[in-house]
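Just so we're aligned: 133 in the UniProt record's numbering is position 133 of the sequence shown, and the numbers increase by one with no gaps anywhere.
The beta carbon of each residue, even a glycine, is placed where N, CA and C say it ideally should be.
The structure presented is a predicted model; accordingly, all values stated were derived computationally and were not measured.
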Amino acid sequence: MPFLEHPRGRAYYRHWAAPDPQAAVVFLHGFGEHTGLYHRYGFALNAAGIDLWAVDQFGHGLTVGDRGDFGTIEDSAALADALTELARQEYPGLPVIAQGHSYGAVVTLFRALEHGDRYPGAVISGAPLVAVPELLDADTSIDLDPEWLSSDPFYFDSIVNDPLAFVDADSRALTRELDRAWNRFGAELPTLAVPTLAVHGTNDPIAPVGAVRAYAETVAPLELVEFAGARHDILNETVHRDVAATIVAFIHRVIPTVDE
1 MPFLEHPRGR
11 AYYRHWAAPD
21 PQAAVVFLHG
31 FGEHTGLYHR
41 YGFALNAAGI
51 DLWAVDQFGH
61 GLTVGDRGDF
71 GTIEDSAALA
81 DALTELARQE
91 YPGLPVIAQG
101 HSYGAVVTLF
111 RALEHGDRYP
121 GAVISGAPLV
131 AVPELLDADT
141 SIDLDPEWLS
151 SDPFYFDSIV
161 NDPLAFVDAD
171 SRALTRELDR
181 AWNRFGAELP
191 TLAVPTLAVH
201 GTNDPIAPVG
211 AVRAYAETVA
221 PLELVEFAGA
231 RHDILNETVH
241 RDVAATIVAF
251 IHRVIPTVDE
């Protein structure tokens, strides 16, 4: 089984390989998920000539850690950086796109702000760019309603019955790291220089689209595409084909900037 080495322990990753890829995506999932929930997305990218690399973050999937405990933003960023190096070793010179969903989107934005010159583009989905009220109270347990996540029956079944997925865990570490991000975004997100696509459902009850919409109106490199009626886990919603097509079009659009 493929693992990345990290001081916190070994992290499991997956690679969906396209023949003679034109680009690679390095992806970080969100709370309660794991890489095994993204086969459909991986195959959609592969069909468009794009590799997908994804890692089970700490406390998730087949990676070590207490359930739901990502560690720090820097821990997740280090995993993504290690995957990026693997992708570039596989195909030297291949453009690499940074991508993340939900908490993974937060980490992706940190990486784009700090190392924007490494990526021709970034993709975020379900990004919680402002404080989530449910995470601000003293109760550190979190119990998501699966109905908030997606109306797609295949994904809903996976979230409810997959032993590696979950909707409840202690959110202490998650809240701590998101609070760090919210403090930073207000001051620094306007300086974003990497072309970034945000895909977001208009019916996302966890990370309402309004915050992303407001940033997109003032941050020139941030492009928002909204999907009517879609919920939080937009990559695994009933509109997942349209979402993947939107992302593929964006990737093909930004790749040429690498050689300019």
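| Asked | Found |
| --- | --- |
| Exposed or buried, Gln-89, counting other C-beta atoms within 10 Å across all chains shown (16 or more means buried)? | exposed |
| Do Ser-151 and Val-199 have their C-beta atoms within less than 7 Å of each other? | no |
| Excluding the 5 residues flanking Phe-227 on each side, which residues of the same chain have their C-beta closer than 8 Å to its C-beta? | Val-199, His-200, Gly-201, Thr-202, Ile-234, Glu-237, Val-239, Asp-242 and Val-243 |
| Of all the options Ala-230, Glu-147, Gly-65 and Leu-52, which has the alpha carbon lying nearest to the alpha carbon of Thr-35? | Leu-52 |
| Where does the unbroken alpha helix (DSSP H) through residue 327 begin, and where does it stop? | The requested residue 327 does not occur in the structure, where the chain is confined to residues 1 to 260. |
| Tell me where the alpha helix (DSSP H) around Gly-76 begins and ends. | According to the sequence shown, residue 76 is Ser rather than Gly. From DSSP, the alpha helix (DSSP H) with Ser-76 extends over 73-90. |
| Could you have a look at Phe-58 and say whether DSSP puts it in helix, strand or coil? | coil |
| For the candidate residues Ala-48, Ala-23, Asp-56 and Ala-122, whose alpha-carbon lies nearest to that of Ala-193? | Ala-122 |
| Check for me: the alpha helix (DSSP H) holding Ser-158 runs from which residue to which? | 153-161 |
| When we look at the beta-carbon of Ile-206 and count the other beta-carbons within 10 Å, is it buried (16 or more) or exposed? | buried |
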